[in-house]
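Numbering-wise, our numbering comes out as the position in the sequence shown, counting from 1, plus 11.
Taking it in order: structure first as structure tokens, then the write-up.
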Amino acid sequence: MASRYAQVYAAWQKDPQAFWAEAAREIDWIEPPRVIFDEKAGVYGHWFPDAVCNTCWNAVDRHVKAGHGERPAIIYDSPVTDTKRTISYASLLDEVETLAAVLRDFNVGKGDRVIVYMPMIPEAIIGMLACARIGAIHSVVFGGFAARELATRIDDAKPKLVLAASCGIEPGRIVHYKPLLDQAIELSTSKPHAVLMFQRDQGHASLVAGRDHDWAKSVANARAAGQRAACTPLKATDPLYVLYTSGTTGIPKGVVRDNGGHMVALKWSMKNLYGIDPGEVFWAASDVGWVVGHSYIVYAPLLHGATTILYEGKPVGTPDAGAFWRVIEEHNIVALFTAPTAFRAIKKEDPNAEHLKKYSTKSLRTLFLAGERADPDTVQWAERILGVPVIDHWWQTETGWCIVGNPVGLGQLPVKHGSPTVPMPGYDVRIVDEAAKPVADGRMGSIVVKLPLPPGALPTLWQNDERMRESYLVDFPGYYKTADAGYRDADGYLYIMGRTDDIINVAGHRLSTGGMEEVLASHPDVAECAVIGMKDSLKGEAPCGFIVLKSGVTRPHADIEKEIVALVREKIGPVAAFKVAVTVGRLPKTRSGKILRGTMKKIADHDEWSMPATVDDPAIFEEIGDALKHKGV
Ligand code: COA
Ligand code: AMP
Numbered sequence: 012m013a014s015r016y017a018q019v020y021a022a023w024q025k026d027p028q029a030f031w032a033e034a035a036r037e038i039d040w041i042e043p044p045r046v047i048f049d050e051k052a053g054v055y056g057h058w059f060p061d062a063v064c065n066t067c068w069n070a071v072d073r074h075v076k077a078g079h080g081e082r083p084a085i086i087y088d089s090p091v092t093d094t095k096r097t098i099s100y101a102s103l104l105d106e107v108e109t110l111a112a113v114l115r116d117f118n119v120g121k122g123d124r125v126i127v128y129m130p131m132i133p134e135a136i137i138g139m140l141a142c143a144r145i146g147a148i149h150s151v152v153f154g155g156f157a158a159r160e161l162a163t164r165i166d167d168a169k170p171k172l173v174l175a176a177s178c179g180i181e182p183g184r185i186v187h188y189k190p191l192l193d194q195a196i197e198l199s200t201s202k203p204h205a206v207l208m209f210q211r212d213q214g215h216a217s218l219v220a221g222r223d224h225d226w227a228k229s230v231a232n233a234r235a236a237g238q239r240a241a242c243t244p245l246k247a248t249d250p251l252y253v254l255y256t257s258g259t260t261g262i263p264k265g266v267v268r269d270n271g272g273h274m275v276a277l278k279w280s281m282k283n284l285y286g287i288d289p290g291e292v293f294w295a296a297s298d299v300g301w302v303v304g305h306s307y308i309v310y311a312p313l314l315h316g317a318t319t320i321l322y323e324g325k326p327v328g329t330p331d332a333g334a335f336w337r338v339i340e341e342h343n344i345v346a347l348f349t350a351p352t353a354f355r356a357i358k359k360e361d362p363n364a365e366h367l368k369k370y371s372t373k374s375l376r377t378l379f380l381a382g383e384r385a386d387p388d389t390v391q392w393a394e395r396i397l398g399v400p401v402i403d404h405w406w407q408t409e410t411g412w413c414i415v416g417n418p419v420g421l422g423q424l425p426v427k428h429g430s431p432t433v434p435m436p437g438y439d440v441r442i443v444d445e446a447a448k449p450v451a452d453g454r455m456g457s458i459v460v461k462l463p464l465p466p467g468a469l470p471t472l473w474q475n476d477e478r479m480r481e482s483y484l485v486d487f488p489g490y491y492k493t494a495d496a497g498y499r500d501a502d503g504y505l506y507i508m509g510r511t512d513d514i515i516n517v518a519g520h521r522l523s524t525g526g527m528e529e530v531l532a533s534h535p536d537v538a539e540c541a542v543i544g545m546k547d548s549l550k551g552e553a554p555c556g557f558i559v560l561k562s563g564v565t566r567p568h569a570d571i572e573k574e575i576v577a578l579v580r581e582k583i584g585p586v587a588a589f590k591v592a593v594t595v596g597r598l599p600k601t602r603s604g605k606i607l608r609g610t611m612k613k614i615a616d617h618d619e620w621s622m623p624a625t626v627d628d629p630a631i632f633e634e635i636g637d638a639l640k641h642k643g644v
């Protein structure tokens, strides 16, 4: 089929408001939008400022009302607990309206924040939707973060309630969430009033009297009393959730998502970008703690009336590198969305895809990749073994949905390996130099998006309009700074090559090297430090920390390095995957004192590098190279 992309993108360019007004017809509004965009509201404008709606209604109730109550909404497939469970839209509604009544009993209502600290179990989705139902703002925290990270988020969001599960399950170990949660509440200055604890059979949590409540009992009581909460009418611009993501310091950014614009954009994307019809089975193999999980495990598939897969497992090791093929076959999955690192993990373990021979993946039409740069090798390998189009697409926590992609629903465009293809309607993407002047095709520059951002993208950061402006809007006036660098080719295809700030991407997880440096610097023996992301064949990037010890420290370097590794795990969490700390005599700096991290990275990556003209003492680079060699890097 010839692609309609050019025509659709041109229609959006010609009249963006008409385009989004049309897309908004797909949503059930309590009061439909009369004003489509108000450029005077908020930091850079607001979408659908006068509309009234409820996201939970659109994700759940409307499908039941339309007679699709028996359709599977969620298929929970958990190889780590050997459990499978299918939840129909009707039973999802029953669970959500009952839990929403429980939340209301805790005095949680419109505008109140609720932290969700849960693994990949259906109750996490039920919890998110129950919040959405009553207008409470959820903030999901990924289970791989340590107590201190959780505490930072609690202090910023100031939740009334925490929804938690007793444990998560990683291959070979149970991650007990309760001690982490207790420690986080201890560390935080803004204490939540209550904790609703979902007890899992794999590890029960002890409850603090007066504060902690048993989830199952509370729900059973509400059900016995016939309590159900109806959908609260909300302004389209009211926040649906806050999701924290790494910023350039240790303090994460609270990305706000609104109700109306988010629904419109995600609903549009399911058909036009991903090519999915209601009733089909869509699988985003991510985690509900990340933006991909929010948008494409939870909200988009449900808003579209599709079936979503909630997979509690890994691409390898649960039990083997055939896990993804089993899930595709068993649940008739039509599209899989994951990070390239998952495919690199499978390829490493099973390079000839022997496991694939045991399964049929004939239901699969498309593989979508995002979260990090999709290296051409991995894309080609996936194309070869699966025999379906492999579609890279680029987006960020901030945007909540795709910026640049290949819209298979509009007719797929030719794939060019290394490029996520073209901008989606809503995004006017430019490549510019430092003075915000456009650069020629083929030349690298900063990637910016002309304001306003489309529906679904962040209107602001949680209670911090100023940080929103400073982080994204001041460097290139009139544009949103993506902090990614790349180029456009003569066909208009974009290439996203890497970040311009200190964010690194480890196994598709976004982490701040600045945040890690704060932890390294807190070690009593460390005088100075620098953290870089070095190339990693599995995870894309892996952090590497350089430390300079205080004078007079005589303890063995190896002991201190081990402590540093443990400290990052304790303070940030296992997800940081911080395994390499190297002691050096000094750090390479410019004459004005800036650490030359870029050149250190090239040395660690064994890439070609040239001596920066501004370096204080060229000999330091040799010392860095020797220290890395000594460490086996
Ligand atoms: N709770 C607690 N700990 C967690 C966790 C969670 N939810 N998720 C990960 N961790 C831990 C891991 O157990 C690991 O701990 P370890 O150092 O003791 O081994 C550590 O955090 C690092 O995890 P990860 O980077 O995921 O590495 P891994 O070796 O466990 O797995 C992959 C590697 C490639 C298999 C895995 O990253 C993966 O499946 N990625 C898929 C991509 C993805 O989900 N991307 C999200 C955005 S789309
Ligand atoms: P996150 O906010 O966790 O989704 O991470 C966003 C960052 O991941 C982006 O700014 C990019 O640096 C990187 N990223 C995400 N998707 C892609 C992609 N398809 N190609 C290249 N980089 C990507």
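Here a beta-carbon is modelled for each residue, glycine too, at the ideal position from N, C-alpha and C.
Along the chain, where does the alpha helix (DSSP H) that runs through S280 open and close?
Within the sequence shown, the letter at position 269 stands for residue 280. G271 to N283 is the extent of the alpha helix (DSSP H) around S280.
Quick check: does the Cβ of W301 come within less than 6 Å of any heavy atom belonging to the ligand COA?
For the purposes of this step, residue 301 is identified with residue 290 of the sequence shown, where counting begins at 1. It does: the Cβ of W301 is within 6 Å (strictly closer) of some heavy atom of the ligand COA.
At the level of alpha carbons, what is the spacing between G489 and G265?
As a working note, residue 489 is residue 478 in the sequence shown. As a working note, residue 265 is residue 254 in the sequence shown. When rounded, the distance between both Cα atoms is 22 Å.
Output the distance between the C-alpha atoms of C142 and W68, rounded to the nearest integer angstrom.
Here residue 142 refers to the residue found at position 131 when the sequence shown is read from its first residue. Here residue 68 refers to the residue found at position 57 when the sequence shown is read from its first residue. Their Cα atoms are separated by approximately 12 Å.
I'd like to confirm something about P431: is its beta-carbon nearer than 6 Å to some heavy atom of the ligand AMP, or not?
Position 420 of the sequence shown, counted from the start, is the residue given in the question as residue 431. It does: the Cβ of P431 is within 6 Å (strictly closer) of some heavy atom of the ligand AMP.
Mind checking whether E42 and V63 have CB atoms under 7 Å apart?
Looking up residue 42 in the sequence shown gives position 31. Looking up residue 63 in the sequence shown gives position 52. Yes, these two residues count as a Cβ contact at 7 Å.
From the DSSP secondary-structure annotation, give me the bridge partner or partners of Y438.
As a working note, residue 438 is residue 427 in the sequence shown. Its beta-bridge partners do not exist; DSSP assigns none.
Can you find the residues in the same chain that come closer than 6 Å, C-beta to C-beta, to L472, ignoring five residues on each side of it along the sequence?
The residue you call residue 472 lines up with position 461 of the sequence shown. In its chain, beyond the 5 residues on either side, K264, G265, R478 and M479 have a beta carbon closer than 6 Å to the beta carbon of L472.
So, is L104 buried or exposed, given that buried needs 16 or more other C-beta atoms within 10 angstroms?
Taking the first residue of the sequence shown as 1, we reach residue 104 at position 93. It is buried - the Cβ of L104 has at least 16 other Cβ atoms within 10 Å.
At a cut-off of 6 Å, is A201 close to the ligand COA when judged by its beta-carbon and the heavy atoms of the ligand?
Here residue 201 corresponds to residue number 190 of the sequence shown, with the count starting at 1. Just to set this straight, residue 201 is Ser in the shown sequence, not Ala. For the ligand COA, not one heavy atom lies less than 6 Å from the Cβ of S201.
Residues in the same chain with beta-carbon distance under 7 Å from A162, minus the five sequence neighbours each way, listed in chain order, please.
Position 151 of the sequence shown, counted from the start, is the residue given in the question as residue 162. The answer, listed in chain order, is A195, L198 and S199.
What did DSSP end up calling S562 once you bin it into helix, strand or coil?
By 1-based counting over the sequence shown, the position of residue 562 is 551. S562 falls in the coil class under three-state DSSP.
Classify W58 as helix, strand or coil using the three-state DSSP reduction.
Position 47 of the sequence shown, counted from the start, is the residue given in the question as residue 58. Strand, per DSSP.
Please list the segments of the alpha helix (DSSP H) lying wholly inside the region 321-376, counting only runs of 4 or more residues, in order along the chain.
For the region 321-376, the full-length alpha helix (DSSP H) segments reaching 4 residues or more read 334-342 and 351-360 along the chain.
Taking 8 Å as the cut-off, does the region 457-466 touch the region 538-547 (at least 3 CB pairs, one atom from each stretch)?
no
Is Y100 helix, strand or coil by DSSP?
Position 89 of the sequence shown, counting from 1, holds the residue named residue 100. In the structure shown, Y100 sits in a helix (DSSP, three-state: H, G or I).
Using only alpha-carbon positions, find the residue among D444, L424, R454 and I414 that is nearest to Y438.
One-based indexing of the sequence shown puts residue 438 at position 427. The option with the nearest alpha carbon to Y438 is I414.
Any idea what DSSP makes of N69, helix, strand or coil?
Position 58 of the sequence shown, counted from the first residue, corresponds to residue 69. If DSSP states are grouped into helix, strand and coil, N69 belongs with the helices.
Just to confirm, does V564 get its C-beta within under 6 Å of one of the non-hydrogen atoms of the ligand COA?
Position 553 of the sequence shown, counted from the first residue, corresponds to residue 564. No - the ligand COA has no heavy atom lying nearer than 6 Å to the Cβ of V564.
Do the region 502-522 and the region 555-563 make contact, defined as three or more Cβ pairs closer than 8 Å?
no
Look up I583 in the DSSP assignment and say whether it is helix, strand or coil.
Translated into the one-based positions of the sequence shown, residue 583 becomes position 572. Note: I583 maps to coil in three-state DSSP.
Should V485 go down as buried or exposed, given a rule of 16 or more other Cβ atoms within 10 Å for buried?
Residue mapping note: residue 485 aligns to position 474 of the sequence shown, counting from 1. Here V485 is exposed: its Cβ has fewer than 16 other Cβ atoms, across all protein chains shown, within 10 Å.
At the level of alpha carbons, what is the spacing between G497 and A29?
Numbered from 1 along the sequence shown, position 486 holds the residue referred to as residue 497. Numbered from 1 along the sequence shown, position 18 holds the residue referred to as residue 29. Straight-line Cα distance between these residues: approximately 31 Å.
Could you tell me whether any Cβ in chain D is nearer than 7 Å to the Cβ of G286?
The chain labelled as chain D is not found in the depicted structure, where only one protein chain is given.
Per DSSP, H187 forms a beta bridge with which residues?
For the purposes of this step, residue 187 is identified with residue 176 of the sequence shown, where counting begins at 1. Answer by DSSP bridge pairing, in chain order: C178.
If you measure from the CB of E383, is any heavy atom of the ligand AMP nearer than 6 Å?
Against the sequence shown, residue 383 aligns to sequence position 372. The closest heavy atom of the ligand AMP lies less than 6 Å from the beta carbon of E383.
Quick one: Cα of H648 to Cα of D637, how far?
As shown, the chain starts at 12 and ends at 644. That puts residue 648 outside it, with no answer to give.
Let's see if you can read the secondary structure: which residues bound the beta strand (DSSP E) around W294?
Here residue 294 corresponds to residue number 283 of the sequence shown, with the count starting at 1. Unbroken beta strand (DSSP E) run through W294: V292 to A295.
So, are the CB atoms of T352 and K492 less than 7 Å apart?
For the purposes of this step, residue 352 is identified with residue 341 of the sequence shown, where counting begins at 1. For the purposes of this step, residue 492 is identified with residue 481 of the sequence shown, where counting begins at 1. Their beta carbons are not under 7 Å apart, which means T352 does not touch K492 by this criterion.
Suppose contacts are defined by Cβ-Cβ distances below 7 Å. Is A592 in contact with I606 by that definition?
The residue you call residue 592 lines up with position 581 of the sequence shown. The residue you call residue 606 lines up with position 595 of the sequence shown. Between A592 and I606, the C-beta gap is not smaller than 7 Å, which leaves the two residues out of contact.
Would you kindly work out how many angstroms separate the C-alpha atoms of L375 and V292, rounded to a whole number?
Here residue 375 refers to the residue found at position 364 when the sequence shown is read from its first residue. Here residue 292 refers to the residue found at position 281 when the sequence shown is read from its first residue. Each residue's Cα considered, the two are about 10 Å apart.
Compute every distance between the C-beta of T259 and the non-hydrogen atoms of the ligand AMP, then say whether any falls below 6 Å.
Residue numbering aside, residue 259 sits at position 248 when the sequence shown is read from its first letter. The answer is no for T259.
Report all residues from its chain with a CB closer than 6 Å to the CB of D249; omit the five preceding and five following residues, and keep chain order.
Counting from 1 along the sequence shown, the entry for residue 249 is found at position 238. Excluding residues within five positions, the ones whose Cβ falls inside 6 Å are N270.
Using only the heavy atoms of the ligand COA, determine whether one of them is closer than 6 Å to the beta carbon of E323.
Locating residue 323 in the sequence shown gives position 312, where the first residue counts as 1. The answer is no for E323.
Quick one: using the 10 Å Cβ neighbour count with 16 as the cut-off for buried, is D570 buried or exposed?
Numbered from 1 along the sequence shown, position 559 holds the residue referred to as residue 570. D570 is exposed by the Cβ-count criterion.
Tell me whether T352, by its Cβ, gets closer than 6 Å to a heavy atom of the ligand ADP.
Judged by which ligands are present, the ligand ADP is missing from the structure shown, whose ligands are the ligand COA and the ligand AMP.
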